Amino acid sequence: MDPRTILERLKERHDITQLNEMQQLMAATDARKLILLAPTGSGKTAAFTIRLLRFLGTSNGTVQVVILAPSRELVLQIADVIRPVAAGLKTVAFYGGHAMADETNSLAVTPDIIVATPGRLLDHLTRGNLDLSETKALILDEYDKSLELGFLDEMRRITRRMRSIEMIMLTSATPLADMPDFIPMRDAETVDFTRSATRPRLQTVRVNSPERDKLATLSDLLRSLPDGRAIVFVNHRESAERIYNHLKRNRFPVGLYHGGLEQRERQLAIDLFNNGTTPILISTDLGSRGLDIDDVNYVIHYHLPVSPESWTHRNGRTARMGASGTAYVIIADGDNIPDAVTWDRELYPSGKEPAEGGIRSHMATLYFNAGKKEKISRGDIAGFLMQKGGLPKDEVGKIVVNDHNAIVAVPRDKAQQTIDAVSPYRIKNTKVRISLIR
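Taking our numbering, the leading residue of the sequence shown gets 1, the next gets one more, and so forth.
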């Protein structure tokens, strides 16, 4: 694909007004074997998309590209970046928790680009749903995370079926300790943006907890923060549940994210965090990387991180792309403080709301029981809410359309009246039930 066309589509579809240094390099390089090292939030997905689309030709009836990623959320994020830019090429996303029947049906016309978790793609191959013998390009995104999660065997078995590879890319947020033995990468070109990725606008703060149980200190801290979005990191699922329930009882606008939840629950938690409905998220380290989350003002370490990498990846959720942010570390007497954990100042939170207002849920989320498979698009929903619901364009918040449902954020004080206004009408001649997510 012509580089100018790619750049025009990135600007048009993803509001990228100017390429960063990494993206410019990927627009210029002709390397066929690449290791791309870059921190979360640096524009890495757009960067490898540029290189990928420069390599690809037109649709030819074969699977031309396979992109493997370690999580459902990352698969969806990558597909959402590529799909609107790769016009004329069919992009599909395969992942656990997604209806296998829907994925199989999407193969009736052979896709050009497959973005998938290793386990789900191997499932399709085992069933005989796919032929990768003519696939030309392979991307292993967040390769180190895939190893961490135990996907080595699946990746090896998948690549054995790919006998025509001409271009390979590995991406990671940290330098790779182990190189794959199942693909030839010894002579690969390494593009390393981790060393230059300083975080001068990140401030770290020690928050002293007078008790071993940090719940009261966390509550006081959250009450005293100016309005914004915060991720509270813990080390265990059980702790995440306990803290979430405590904050929920105390009427904080809070969501929950950890690996013990169903994938649809995890995705909904991220969507509600992103759209402003629940601007406080309690998360295990699963939420520290590989997710499409932006504009986080505060990272709070309720538990001290278990490794230097955990400290780095958690803090990487804020102060991204030139923005400022603050990481708070709650420390009680007796805590064993790792060497990697440092701070710029100390704080004893008052628990009093700041004069400019504390963290607030300004948006509510409407649920539509129809989605892509019912031919409903983001544009359909936005137009429906503006024409029938009376909402101005700037009050229609983030819209997420899934296979058989969709959600959209609207101002909290207008949510119920919007539902009442649109309920008598149909979208594209389809009767859709609309309700408020509580």
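Using N, Cα and C, we set each Cβ at its ideal position, and we do this for glycine too.
Just so it is clear, the structure is predicted and the values come from calculations on it, not from any experiment.
> Nearest-angstrom Cα distance between residue 428 and residue 436?
Replying inline: 21 Å
>> Please classify residue 425 as buried or exposed, where buried requires at least 16 other C-beta atoms within 10 Å of its C-beta.
In response: exposed
> Nearest to residue 112 by alpha carbon, out of 119, 125, 130?
Replying inline: 130
> For residue 438, which of helix, strand or coil comes out of DSSP?
Replying inline: coil
>> On the DSSP letters alone, give me the boundaries of the beta strand (DSSP E) that residue 283 sits inside.
In response: 280-283
> DSSP three-state call for residue 355: helix, strand or coil?
Replying inline: coil
> With respect to the alpha helix (DSSP H) encompassing residue 245, which residues constitute its N-terminal and C-terminal limits?
Replying inline: 237-249
> What residues in its chain sit with their C-beta under 8 Å from that of residue 81, if we drop five residues either side in the sequence?
Replying inline: 14, 45, 46, 49
> Can we say the region 84-100 touches the region 166-180, given the rule of at least three CB pairs closer than 8 Å?
Replying inline: no
> What three-state label does DSSP hand residue 445 in the structure shown?
Replying inline: What the structure shows of the chain is the stretch from 1 to 438, and residue 445 is not part of that stretch, so it cannot be assessed.
>> So, under 8 Å CB-CB, residue 222 and residue 365 are touching, yes? Tell me the CB distance rounded to an integer number of Å.
In response: Not quite, the Cβ-Cβ distance comes to about 21 Å (not below 8 Å), so this is no contact.
> What number of angstroms, rounded off, separates the C-alpha of residue 37 from the C-alpha of residue 434?
Replying inline: 43 Å
>> Run through the DSSP bridge pairs and tell me what residue 33 is partnered with.
In response: 168
> Is the region 215-235 in contact with the region 346-364, if contact means three or more CB pairs nearer than 8 Å?
Replying inline: yes
> If you drop the 5 nearest sequence neighbours on each side, which residues of the same chain put their C-beta closer than 7 Å to that of residue 193?
Replying inline: 22, 37, 38, 42
> Counting Cβ pairs closer than 8 Å, one from the region 238-253 and one from the region 325-342, do we hit at least three?
Replying inline: no
> What are the boundary residues of the beta strand (DSSP E) that residue 92 is part of?
Replying inline: 91-94
> For the beta strand (DSSP E) that residue 64 lies in, which residues bound it at each end?
Replying inline: No beta strand (DSSP E) holds residue 64; DSSP gives it neither H nor E.
>> Checking 8 Å against the spacing of the C-beta atoms, do residue 479 and residue 93 come in under that value?
In response: Shown here, the chain extends from 1 to 438; a query on residue 479 therefore has no answer.
> Are there three or more Cβ pairs, one per stretch, closer than 8 Å when the region 303-322 is compared with the region 229-238?
Replying inline: yes
> Which value, in whole angstroms, describes the spacing of the CA atoms of residue 198 and residue 205?
Replying inline: Only weak support exists for where residue 198 lies, its pLDDT of 48 falling under 50; the value from the coordinates is given anyway. Roughly 18 Å separates the two Cα atoms.
> With 16 as the cutoff for other CB atoms within 10 Å, does residue 444 come out buried or exposed?
Replying inline: With the chain covering 1 to 438 only, the question about residue 444 has no answer from this structure.
>> List, from N- to C-terminal side, the alpha helix (DSSP H) runs of 4 residues or more that fit wholly inside the region 131-183.
In response: 143-148, 152-159
> To the nearest whole angstrom, what separates the beta carbons of residue 408 and residue 397, a pair I think is in contact under 8 Å?
Replying inline: 6 Å
> Can you round the beta-carbon distance between residue 370 and residue 405 to whole angstroms, since I take them to be within the 8 Å contact cut?
Replying inline: 7 Å
> Using CA coordinates, which residue listed in 268, 235, 375, 185 is at the minimum distance from residue 292?
Replying inline: 268
> How about residue 266 and residue 257: do their beta carbons lie closer than 8 Å?
Replying inline: yes
> Should residue 310 go down as buried or exposed, given a rule of 16 or more other Cβ atoms within 10 Å for buried?
Replying inline: buried
> Quick one: what does DSSP say residue 26 is sitting in, helix, strand or coil?
Replying inline: helix
> Is there contact between the region 140-157 and the region 112-128, where contact requires at least three CB pairs shorter than 8 Å?
Replying inline: yes
>> Going by DSSP, what residue range makes up the alpha helix (DSSP H) through residue 411?
In response: From DSSP, residue 411 is part of no alpha helix (DSSP H) but of the beta strand (DSSP E) over 406-411.
> Considering residue 273, what are the terminal residues of the alpha helix (DSSP H) in which it resides?
Replying inline: 263-274
>> Can you find the residues in the same chain that come closer than 6 Å, C-beta to C-beta, to residue 62, ignoring five residues on each side of it along the sequence?
In response: 134
> By DSSP, does residue 103 sit in helix, in strand, or in coil?
Replying inline: helix
> If you drop the 5 nearest sequence neighbours on each side, which residues of the same chain put their C-beta closer than 7 Å to that of residue 149?
Replying inline: 70
> If you run the structure through DSSP and keep just helix, strand and coil, what is residue 318?
Replying inline: strand
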